[in-house]
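S.K.:
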Amino acid sequence: MKVTIKQAIEIIKSGGVVAMPTETVYGLAADAANLRAIQKTFKIKGRPQDNPLIVHLSSVDQLTMLAKDIPEDAFKLAEHFWPGPLTMVLKKKETVLDAVTAGLDTVAVRVPDHPIALELISQSGPLTAPSANLSGKPSPTKPEHITEDYGNKIPFLDGGSTKIGIESTVLDLSLKPYSILRPGSVSKEEISEVLTTDISIASDTDSSKKSPGTRYSHYKPKATVKWLENNDVIIQDNNNFYILHSDKFLPVDSANILHFQGDFNHLASVLYDLFRTADHSGYKTIWIEPISEVKNYSITEALINRISKAI
Ligand code: AMP
Ligand code: MG
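Sequential numbering from 4 applies to the sequence shown in the numbering used here.
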């Protein structure tokens, strides 16, 4: 059910949840200070209790409401990347609910770059907002995806299609050396440039220890997702769907082929929608041309991460 911003503020204030657009994906917003609302969020998503939530702020000024021992680097990064798709993990204040952080002594925060989200947060205070999908499903990048998962159960603010299409970069600043727990459209190189220090990309084992959410299977369509191999041949039928970026695999003009011409930002923005529409069309396998060699887009690391987790 589509709601107005005024209705959304009322729902949040009375302890309910509302789906809101951000520049990454739609989030299921709830009052970060209301335990019942947080519990409701986990229940609605079917989200494992040990998977902490990101708290969304309307400005960097709210950082001190939630975090303590904040390093100067966090303010530098905020100045450079906020509002935007960079989530920072910082030492949490005692007042932050354990349910939000899944009992961790850190809290993840970001300021989203979307006028509707910013308006809602500035009127209702910091909001938790995990992706507004059933746990395990691809994140919603359009209001239709929310109704696909929930029917009319979840009120939503309509912001059309989200711009980036995959979730934020999660950077742990609570320990040195800083590490990326989840890649996103803000790359390691862009962060290193602002900080002039080296940051690492956490290994899968490290990520799943420090960022429980990364441990779970995610982003999965019903169809099987596979990387295309060099000697695979394109089959033009109703069972196989192909996502290509080069001219290595021929033919390129068929209803079951999406050729995104090497525009990786475009692929990111439509990836989850493609997963869902391929399912609607009844495709059994989604083949994706490997993108590991392409380095000139900051989003490729995140794309490889999400596609690998969908396999
Ligand atoms: P989602 O909101 O569904 O995009 O998932 C949030 C992501 O942020 C998950 O991968 C969580 O593990 C991660 N996250 C949230 N809070 C923390 C935290 N305090 N420490 C580390 N990772 C976190
Ligand atoms: Mg999610």
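Note that the Cβ used here is the ideal one computed from N, Cα and C, for glycine as well.
From a predicted model like this one, the values you see are computed outputs, not experimental measurements.
Residues bridged to Arg113 by DSSP?
M.R.: Beta-bridge pairing links Arg113 to His59.
S.K.: For the putative contact between Leu130 and Asp34, defined by C-beta atoms under 8 Å, what is the C-beta separation to the nearest angstrom?
M.R.: About 7 Å separates the two Cβ atoms, so the contact holds.
S.K.: Ordered along the chain, which non-local residues of its own chain (more than five positions away) have a Cβ less than 6 Å from that of Thr200?
M.R.: There are no such residues.
S.K.: Run the CB neighbour count on Val58, radius 10 Å, all protein chains shown included, and call it buried at 16 or more, exposed below.
M.R.: Val58 is buried by the Cβ-count criterion.
S.K.: Should Asp76 go down as buried or exposed, given a rule of 16 or more other Cβ atoms within 10 Å for buried?
M.R.: Burial call: buried.
S.K.: Out of curiosity, what's the CA-to-CA distance linking Ser134 and Val273?
M.R.: Approximately 16 Å, taken between the alpha carbons.
S.K.: Can you check DSSP and say which residues form a bridge with Met4?
M.R.: Note: Met4 sits in no beta bridge, so no partner.
S.K.: At which residue ranges does the region 176 to 213 contain complete beta strand (DSSP E) runs of 3 or more residues, listed in the order of the chain?
M.R.: Whole beta strand (DSSP E) segments, 3+ residues: 182 to 185.
S.K.: So what does DSSP say about Tyr245, is it helix, strand or coil?
M.R.: Tyr245 falls in the strand class under three-state DSSP.
S.K.: Taking Ser39 as the reference, give the member of Ser138, Ser311, Ile15 with the closest Cα.
M.R.: Rather than Ser, the amino acid found at residue 39 in this sequence is Arg. Out of Ser138, Ser311, Ile15, Ile15 has the C-alpha closest to the C-alpha of Arg39.
S.K.: So which of Lys94, Asp101, Glu26, Lys225 has the shortest CA-CA distance to Ser284?
M.R.: Looking at the Cα atoms, Lys225 is the closest of the given residues.
S.K.: So, Ile238 versus Ile289, is the Cβ gap smaller than 8 Å?
M.R.: Not a contact, by the Cβ cut-off of 8 Å.
S.K.: Within a Cβ cutoff of 6 Å, which residues of the same chain sit near Gly162, ignoring the five residues on either side of it in sequence?
M.R.: Pro24, Ile119, listed in sequence order.
S.K.: Should Pro180 and Ile204 be called a contact, given that it needs their Cβ atoms to be closer than 8 Å?
M.R.: Not in contact: Pro180 and Ile204 (Cβ atoms no closer than 8 Å).
S.K.: Buried or exposed for Asn37, please, with buried defined as at least 16 other CB atoms from any protein chain shown within 10 angstroms of its CB.
M.R.: Answer is buried; the Cβ neighbour count reaches 16.
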